[in-house]
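Number of protein chains: 2
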Amino acid sequence: MPEFLNLLPPDEARSKWLGQVATPAHTVEWVPLEGACGRVAAQDILSPQALPQFARSTVDGYAVQARDTYGAADTLPGYLSLAGEVPMGAAANLSLGPGQCATIHTGGMLPEGADSVVMLEYTQTSRPGEIEIQRSVAVGENTIAVGEDITQGQLVLERGRLLRPADIGGLAALGILKVAVAPKPTVSILSSGDEVVASKNTPAPGQVRDINSHTLAALVSQAGGVPRLAGIIPDDFGSLLQAARAALAQSDMVLITAGSSASTRDMTASVIETLGEPGVIVHGINTRPGKPTILGAVAGKAVVGLPGNPVSALVNGLLFVVPALRKLLGAKEPAAQRSIRARLTINVASQAGREDWQPVQLRASAGELLAVPVFGKSNLIFTLANADGLIKIEPNATGAAAGELVEVLPIGLGDL
Amino acid sequence: MPEFLNLLPPDEARSKWLGQVATPAHTVEWVPLEGACGRVAAQDILSPQALPQFARSTVDGYAVQARDTYGAADTLPGYLSLAGEVPMGAAANLSLGPGQCATIHTGGMLPEGADSVVMLEYTQTSRPGEIEIQRSVAVGENTIAVGEDITQGQLVLERGRLLRPADIGGLAALGILKVAVAPKPTVSILSSGDEVVASKNTPAPGQVRDINSHTLAALVSQAGGVPRLAGIIPDDFGSLLQAARAALAQSDMVLITAGSSASTRDMTASVIETLGEPGVIVHGINTRPGKPTILGAVAGKAVVGLPGNPVSALVNGLLFVVPALRKLLGAKEPAAQRSIRARLTINVASQAGREDWQPVQLRASAGELLAVPVFGKSNLIFTLANADGLIKIEPNATGAAAGELVEVLPIGLGDL
Chain A
1 MPEFLNLLPP DEARSKWLGQ VATPAHTVEW VPLEGACGRV AAQDILSPQA
51 LPQFARSTVD GYAVQARDTY GAADTLPGYL SLAGEVPMGA AANLSLGPGQ
101 CATIHTGGML PEGADSVVML EYTQTSRPGE IEIQRSVAVG ENTIAVGEDI
151 TQGQLVLERG RLLRPADIGG LAALGILKVA VAPKPTVSIL SSGDEVVASK
201 NTPAPGQVRD INSHTLAALV SQAGGVPRLA GIIPDDFGSL LQAARAALAQ
251 SDMVLITAGS SASTRDMTAS VIETLGEPGV IVHGINTRPG KPTILGAVAG
301 KAVVGLPGNP VSALVNGLLF VVPALRKLLG AKEPAAQRSI RARLTINVAS
351 QAGREDWQPV QLRASAGELL AVPVFGKSNL IFTLANADGL IKIEPNATGA
401 AAGELVEVLP IGLGDL
Chain B
417 MPEFLNLLPP DEARSKWLGQ VATPAHTVEW VPLEGACGRV AAQDILSPQA
467 LPQFARSTVD GYAVQARDTY GAADTLPGYL SLAGEVPMGA AANLSLGPGQ
517 CATIHTGGML PEGADSVVML EYTQTSRPGE IEIQRSVAVG ENTIAVGEDI
567 TQGQLVLERG RLLRPADIGG LAALGILKVA VAPKPTVSIL SSGDEVVASK
617 NTPAPGQVRD INSHTLAALV SQAGGVPRLA GIIPDDFGSL LQAARAALAQ
667 SDMVLITAGS SASTRDMTAS VIETLGEPGV IVHGINTRPG KPTILGAVAG
717 KAVVGLPGNP VSALVNGLLF VVPALRKLLG AKEPAAQRSI RARLTINVAS
767 QAGREDWQPV QLRASAGELL AVPVFGKSNL IFTLANADGL IKIEPNATGA
817 AAGELVEVLP IGLGDL
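Residue numbers (my numbering), protein chains in the order written: chain A, 1 to 416; chain B, 417 to 832.
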């Protein structure tokens, strides 16, 4: 197969490819609530009950019948007889009649007969058993009605939702202590390249330690997958095919990082073609770094060939592997990329017609955030380790100018 | 202690409080590289070696002595005799003399005598054993020098660094497979309030299930701590003091979420005062939600009293508990808050003199990101679950106007 016959723009490449990647059958994993944050809901969750289940006071004060307070003011207070106190955590054993009120605390259950609460600040005890009301309230004022948070049967969390701390709280409030989540996809990572040795080895002259297995494993874990390191595969077609076939059988996605020479990249494409249909879907993407990235699929499972160059492998992991994991998890598209706006400090050149991703460091300066480009050959891993994020230079631009506001895509962790 | 004697602005409250919280003694935890991503480096890491350890080619082509190519051009090529090929993953068993070149692949080790590489595109085989060179190269061109990525002894990762995938790759490249990281702080979470029952229970009239233990546990986990749920504590001073004292002995930080009534909040303050010195440092913060938050410390350990209201507890967890965890981890301040810029859709009112945090939903619309305020009483957990983030309204503002660009602080997860 001739390389780079047709370089697709990254977005087009991704969507063409993901169209051939199937979301796995509707298996679910039940996890306890304390393990559900960061997982993706695999089913719609409907509320088994109303929330709250009883009308509650939102303030400290006196539960009343609103009509008994009409016209009450500092200068012309009303007077209500105190029928008792609503205990916290229990129903009041009293029922308010006209002209009556009851002491109530924030969160307390509205007693029978009451429809609103007058805040403590606008009352005083005029004499034992009698409360002076200095302000009128409307029906429902200073209360939460039954079902005001959630009604029974209401959809509280949609399938595909990435669960956050507030969601966990909402489920706890409803007594839902087990959650059906999408199982974590297993992603096998194969490294090839005659010059690559396992990181635990001391490289001989001409050899380098494996980097890509480790960066991609970290990325896969962060994106909700389970990495499975298949090790360094000898640089011949038969060995790579055998290892890739085994990996495909054992996992939901396969990543093959090539060695740095062109021959191993070509071999990856041939292996993906041989594994099965449809095989290679995109070979060559109009982006830098990442031109030699290969996007393939075999029987609905994603198989990706990533460049050996560690910067390129990680950037393309962000651009392609992470969205594929989202699809496998059935996760809904996030409304917003978690990008960070910063001011570019110096001009960055880019070749027109190609989408460039430039590593930048973020620095706070005089209340403003600066994006400082990190230059360095793209095969230097510490170039990327020194960067906090990437800025995208659109294909129709020939660069980005100093002083421009740019959107920085953080590399790796959310809490940059 | 009278409540709300003096409401401090949030930033001032935080810094006054954190000054009394000690970063734990320099214990470290050694973790394997595959478990290090997302942890905080507990020691400076120096490189044990140069990277790369040998000069490498960055292209496919011919290794040469640059001076042999001077003046070479399409119209006036030079001719070099082919001395052999550099195998991938090994040193070449050849040494280039003047007038010689050797086939080399991307990532290959520069042979002895070579100082640069001519790209394959600018060469052709003129006759067997002879290569035509159509372009000159400078010394070092198309190569990476020894130590160009990292020199031996260089600081590669600083103590306090939150480790990211690229860092993991850099460590793998250096053969560093165990990393000293900050141990995860243990955070005990106590719930109080007579109306609060464990989430597994069916609430009786007047009772509500515990929400705050769960939201705060999720938040603590995300921020790198280990939550320890101490359960629902009966709403009396003796029980709460005993439970808080036990929690303090067993953990690095203690969170006490009050019930919703004022009496349990006051009790929390008294308990913190009784636990030890300095006790309550800030009682009452000029923010909404969160006014009744209590920031305390006992013998260097943070003890926080959070409002019972679940929205308030979670927002104040973000504003105070997360920064305290960063301090316990010894994590360096991030250069940038991971905020998201969006356009506010409608006016939001705020009381001047107070810092307000308004929940918003993010929506993409016509290439722009919109921040849609989510209104709802602040004790409704699903109000917060429906929001993607919070916008801050500065104390000197009386609100934010529709059409304004606002910074949205994501709630909870990084990969919103």
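Just so you know, even glycine gets a beta-carbon here, dropped at the ideal spot from N, CA and C.
- Pairwise C-beta distances place the segment 758 to 765 of chain B out of contact with the segment 3 to 17 of chain A, as fewer than three of them are shorter than 8 Å.
- If you check the CB distance, isoleucine 592 of chain B and proline 464 of chain B come in under 9 Å.
- CA-to-CA, the gap between glutamate 85 of chain A and leucine 796 of chain B works out to about 24 Å.
- Apart from sequence neighbours up to five positions away, the residues of its chain that approach glutamine 777 of chain B with a beta-carbon distance below 7 Å are Val788, Val790, Asn802, Ala803 and Asp804, ordered along the chain.
- The beta carbon of alanine 614 of chain B lies closer than 8 Å to those of Arg625, Asp626, Gly647 and Ile648 in the same chain, with the five residues before and after it left out.
- Beyond the five residues adjoining it in sequence on each side, alanine 36 of chain A comes within less than 7 Å, by CB distance, of Leu163, Ile168, Val179 and Val181 in the same chain, given in chain order.
- Using a CB distance cut-off of 9 Å, cysteine 101 of chain A does not count as an interface residue toward chain B.
- Annotation: the continuous alpha helix (DSSP H) that includes isoleucine 797 of chain B extends over 797 to 801.
- The Cβ atoms of glutamine 152 of chain A and alanine 72 of chain A do not sit closer than 9 Å to each other.
- Of all alpha-carbon atoms in A:Ala262, A:Cys101 and A:Asp115, the one lying nearest the alpha-carbon of methionine 535 of chain B is that of A:Ala262.
- Residues of the segment 370 to 393 of chain A that bring their beta carbon within less than 7 Å of a beta carbon in chain B comprise Lys377, Asn379, Leu380, Ile381, Phe382, Leu384, Ala385 and Asp388, in sequence order.
- Residues of chain A whose Cβ lies closer than 7 Å to the Cβ of histidine 630 of chain B are, in chain order, Leu33, Ile168, Gly169 and Ala172.
- For glutamine 540 of chain B, DSSP records a beta bridge to B:Glu548.
- Burial state of glutamine 100 of chain A is buried, judged by a 10 Å Cβ sphere holding 16 or more other Cβ atoms.
- Apart from sequence neighbours up to five positions away, the residues of its chain that approach glutamate 394 of chain A with a beta-carbon distance below 8 Å are Glu355, ordered along the chain.
- Across the structure, valine 315 of chain A and proline 289 of chain A are spaced so that their CA atoms are roughly 7 Å apart.
- When DSSP reads this structure, glutamine 361 of chain A sits in a beta bridge with A:Val372.
- Here glutamine 242 of chain A is exposed: its Cβ has fewer than 16 other Cβ atoms, across all protein chains shown, within 10 Å.
- Boundaries of the beta strand (DSSP E) around proline 643 of chain B: 642 to 649.
- The beta carbons of serine 766 of chain B and threonine 709 of chain B sit about 18 Å from each other, so the pair does not count as a contact at 8 Å.
- Taking a C-beta distance under 9 Å as the contact criterion, valine 553 of chain B and alanine 482 of chain B qualify as a contact pair.
- When the five nearest sequence neighbours on each side are left out, the beta carbons in the same chain lying within less than 7 Å of the beta carbon of serine 339 of chain A are those of Glu407, Val408 and Leu409, in order along the chain.
- Between the alpha carbons of proline 440 of chain B and leucine 745 of chain B lies a distance of about 8 Å.
- Nearest CB-CB separation between asparagine 732 of chain B and chain A: not below the 9 Å threshold.
- Assigned with DSSP and collapsed to three states, alanine 634 of chain B falls in helix.
- For alanine 102 of chain A, the uninterrupted beta strand (DSSP E) run begins and ends at 100 to 104, by DSSP.
- Against lysine 200 of chain A, the close residues of chain B are Gly591 and Leu593, in the order they occur along the chain (beta-carbon pairs closer than 9 Å).
- Per DSSP, lysine 743 of chain B is not a residue of any beta strand (DSSP E); the alpha helix (DSSP H) it occupies stretches across 738 to 745.
- In this structure, proline 726 of chain B sits near asparagine 628 of chain B, with a CB-CB distance shorter than 9 Å.
- When only Cα atoms are considered, glycine 78 of chain A and glycine 108 of chain A end up about 23 Å apart.
- Interface annotation, arginine 56 of chain A: in contact with chain B, CB-CB separation under 9 Å.
- Taking 9 Å as the CB threshold, glutamine 638 of chain B lines the interface with chain A.
- Between isoleucine 411 of chain A and alanine 582 of chain B, the gap from beta carbon to beta carbon is short of 9 Å.
- Nearest CB-CB separation between aspartate 194 of chain A and chain B: below the 9 Å threshold.
- For glutamate 29 of chain A, the uninterrupted beta strand (DSSP E) run begins and ends at 29 to 32, by DSSP.
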